[in-house]
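Engineer:
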Amino acid sequence: MSEYKLGTKCLQAGYQPGNGEPRTLPIIQSTTFNYESSQQMADLFDLKESGYFYTRLANPTNDHVAAKITDLEGGAAGMLTSSGQSATFYSLMNIVGAGDHVISSSTIYGGTYNLFAHTMKGMGIDFTFVEPDISSEELAGYFQENTKAVFGETVANPSLDILDIEKFAAAAHENGVPLIVDNTFPTPILCRPIEWGADIVIHSTTKYMNGTANAVGGVVVDSGNFDWDGSADKFPGLTQPDETYHGLTFTESFGEAAYITKMVTTLMRDLGSIPSPQNSFYLGIGLETLHLRMERHVENAEKLAEYLNNHDKITWINFPGLKDNDQYELAQKYCPKGTSGVISLGVKGGREAATTFMDNLELASIVTHVADSRTCVLHPASTTHRQMNDQELEDAGISADLVRISVGIEDIEDIIADVEQALAEVSK
Ligand SMILES: *Cc1c(COP(=O)(O)O)cnc(C)c1O
1135 MSEYKLGTKC
1145 LQAGYQPGNG
1155 EPRTLPIIQS
1165 TTFNYESSQQ
1175 MADLFDLKES
1185 GYFYTRLANP
1195 TNDHVAAKIT
1205 DLEGGAAGML
1215 TSSGQSATFY
1225 SLMNIVGAGD
1235 HVISSSTIYG
1245 GTYNLFAHTM
1255 KGMGIDFTFV
1265 EPDISSEELA
1275 GYFQENTKAV
1285 FGETVANPSL
1295 DILDIEKFAA
1305 AAHENGVPLI
1315 VDNTFPTPIL
1325 CRPIEWGADI
1335 VIHSTTKYMN
1345 GTANAVGGVV
1355 VDSGNFDWDG
1365 SADKFPGLTQ
1375 PDETYHGLTF
1385 TESFGEAAYI
1395 TKMVTTLMRD
1405 LGSIPSPQNS
1415 FYLGIGLETL
1425 HLRMERHVEN
1435 AEKLAEYLNN
1445 HDKITWINFP
1455 GLKDNDQYEL
1465 AQKYCPKGTS
1475 GVISLGVKGG
1485 REAATTFMDN
1495 LELASIVTHV
1505 ADSRTCVLHP
1515 ASTTHRQMND
1525 QELEDAGISA
1535 DLVRISVGIE
1545 DIEDIIADVE
1555 QALAEVSK
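In structure tokens, the structure reads:
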């Protein structure tokens, strides 16, 4: 559906029923699929034929939803995972192993930081964290012989730093490795990283994409643009024969779908982080209104940010859509229609005042979640990022007084009134 605009794709891409088939995407809640001969099944196992045989590897409901997101991102192939965390993990494990090195922006989601700095480090993979505003020259100096990928977040959760995708993509490509971008906050409605040079895009679909907070999920989308064979010795898993498939070579057999096909047929086969088809169905419904919801999230966040800017109970406010924000220029470049509905701020009086403010909110709820249709708030230093020490917090762009407000799509008058009365309770 590449000729259509994004809103049309939200509704129509990924599933086009044939004559007499169900108009809405069916939930194929079956672990297994039926075949007439064992030869047909054998060919599927050898990847000689494509088809479904076991939901741990692939399922039609999941695939149709993955196809919709792939189309929205302008990618070549995509795969759903059971969570955003597994999407991040798979996107790297598909191309790195023990002894390898990855460069990551330091302003990333707390769960991603733990995955990289602790769990994957324990698996023998080394990470270097760099400030997103690092110069190209300095960035070039961090590449090593064993560097296999560069990672960053388009709009960082929760610091809201904008990734200069072109700068990171250029550095990655000069060194023959791909750039992987987590595009959870802007969604493809507000930014399409592939157009700026990202090779692989991942999401926690749990957030705006699902929109209703009823299913955890993730997705990996490959642009199909990266030349794996051009860096063949760095990526043997893609460019050399795979013994578990009788010596098949992924790049040779699958072309621009090589990266995702390898991910499905090796990582998903072996680790099995498949989403339930039921959850993918909910995600598919969420995606149908993504374009409308993102527009309203941005509009509401802009209005709330304007209200809070210069408010006497606020020490600072961070929203890349405000003209005096240090990320404004980058935000205008990469996300001209808005960065997301997320605002962060410091309440006068620090950690304690932040808690008073949050506890007095009536409409907005305190949840770990973010990027939901309903307005919600979180204090990252004591929740999502509590495993980090003060230095790690500072490096990730998070202060102890930071409150993150994820502005929903309710009526903005009600959201502002709620914030107003809760701020009035602070240090009365
Ligand atoms: C939530 C989040 C994740 C992790 O996703 P889950 O679906 O919770 O596993 C990764 N990246 C970002 C930017 C997130 O906000």
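Sequential numbering from 1135 applies to the sequence shown in our numbering.
All residues carry an ideal CB built from backbone N, CA and C; glycine is no exception.
Residue 1319 and residue 1474 - do their beta-carbons sit closer together than 7 Å?
Structural biologist: yes
Engineer: For residue 1158, write down the residues that DSSP places opposite it in a beta bridge.
Structural biologist: The partner list for residue 1158 (beta bridge, DSSP) is empty, contrary to what the question assumes.
Engineer: Is it buried or exposed for residue 1337, if we count other Cβ within 10 angstroms and need 16 for buried?
Structural biologist: buried
Engineer: Checking the sheet assignment: what are the DSSP bridge partners for residue 1530?
Structural biologist: Note: residue 1530 sits in no beta bridge, so no partner.
Engineer: In the DSSP assignment, the alpha helix (DSSP H) including residue 1191 goes from what residue to what residue?
Structural biologist: No alpha helix (DSSP H) holds residue 1191; DSSP gives it neither H nor E.
Engineer: Would you say residue 1338 touches ligand 1, meaning its beta carbon is less than 6 Å from a heavy atom?
Structural biologist: yes
Engineer: How close, in whole Å, do the beta carbons of residue 1196 and residue 1408 come, if the pair is a contact with beta carbons under 8 Å?
Structural biologist: 7 Å
Engineer: The alpha helix (DSSP H) with residue 1553 in it runs from where to where?
Structural biologist: 1546-1558 is the extent of the alpha helix (DSSP H) around residue 1553.
Engineer: Looking at the strands, I want to know which residues DSSP matches up with residue 1272.
Structural biologist: Partner(s): none; residue 1272 has no beta bridge.
Engineer: For residue 1334 versus residue 1461, is the C-beta spacing smaller than 7 Å?
Structural biologist: no
Engineer: Taking all protein chains shown into account, decide if residue 1425 is buried (16 or more other Cβ within 10 angstroms of its Cβ) or exposed.
Structural biologist: buried
Engineer: When DSSP labels each residue in this structure, what does residue 1504 get in the three-state scheme?
Structural biologist: Residue 1504 falls in the coil class under three-state DSSP.
Engineer: Among the residues of its own chain, which have a CB less than 7 Å from the CB of residue 1366, if the five just before and after it don't count?
Structural biologist: 1373
Engineer: Going along the chain, which residues of its own chain have a beta-carbon closer than 6 Å to the beta-carbon of residue 1159, five neighbours each way excluded?
Structural biologist: 1149, 1198 and 1418
Engineer: For residue 1193, verify whether its CB is less than 6 Å away from any heavy atom of ligand 3.
Structural biologist: Ligand 3 is not part of the structure shown, which contains ligand 1 as its ligands.
Engineer: So if DSSP puts residue 1289 in a beta bridge, which residue, or which two residues, is it bridged to?
Structural biologist: Note: residue 1289 sits in a beta bridge opposite 1296.
Engineer: Counting pairs of Cβ atoms below 8 Å between the stretch 1551-1562 and the stretch 1485-1505, do you hit three or more?
Structural biologist: With contact defined as three or more Cβ pairs closer than 8 Å, the stretch 1551-1562 and the stretch 1485-1505 are in contact.
Engineer: Nearer than 6 Å: is that true of the beta carbon of residue 1350 relative to any heavy atom of ligand 1?
Structural biologist: For ligand 1, a non-hydrogen atom lies closer than 6 Å to the CB of residue 1350.
Engineer: What do you get for residue 1402, buried or exposed, if any count of 16 or more other CB atoms within 10 angstroms of its CB means buried?
Structural biologist: buried
Engineer: According to DSSP, residue 1450 sits in a beta bridge with which residue or residues?
Structural biologist: 1480
Engineer: Please give the ranges of any beta strand (DSSP E) in the stretch 1343-1379, keeping only runs that are unbroken, at least 3 residues long and fully inside the region.
Structural biologist: 1352-1356
Engineer: Does the distance from the CB of residue 1508 to the CB of residue 1472 come in under 7 Å?
Structural biologist: No; because the gap between Cβ atoms is not below 7 Å, this pair is not in contact.
Engineer: So does residue 1318 have its beta carbon nearer than 6 Å to some heavy atom of ligand 1?
Structural biologist: yes
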